[in-house]
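Peer 1: Could you have a look at this structure, given as structure tokens, before my questions?
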Amino acid sequence: MPAAELAKLVGLSSTVFSRTRRQVIEAGWLEESERLAHIRYYRLSSKATGENVVVEFRRAT
């Protein structure tokens, strides 16, 4: 989801969201998922969702 949509979703202006986004990322609640041209996309981190997103590999026998 683009940062502008996230700002709208949480009820912040784009400028306020832009200033606080770095703090939210540093706190581990949000992470950048990809970049297309100059648009950055974000997703909730595993800390925010409570999901374990690490998949353990095991040796095939």
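If you're matching positions, the sequence shown starts at 863 in our numbering and goes up one per residue. Positions of the beta carbon are idealized from the N, C-alpha and C atoms, including for glycine.
1. Classify Leu-871: buried if its beta carbon has 16 or more other beta carbons within 10 angstroms, exposed otherwise.
2. Could you check if Leu-898 is buried or exposed, using at least 16 other CB atoms within 10 Å of its CB as the buried criterion?
3. Could you tell me the boundaries of the beta strand (DSSP E) in which Leu-898 lies?
4. According to DSSP, Leu-906 sits in a beta bridge with which residue or residues?
Peer 2: For this structure:
1. Counting from 1 along the sequence shown, the entry for residue 871 is found at position 9. Burial call: exposed.
2. Start at 1 with the first residue of the sequence shown, and residue 898 comes out as number 36. Burial call: exposed.
3. Indexing the sequence shown from 1 puts residue 898 at position 36. Segment 892-898, the beta strand (DSSP E) holding Leu-898.
4. Taking the sequence shown and counting its residues from 1, one reaches residue 906 at position 44. According to DSSP, which records beta bridges pairwise, Leu-906 is partnered with Leu-892.
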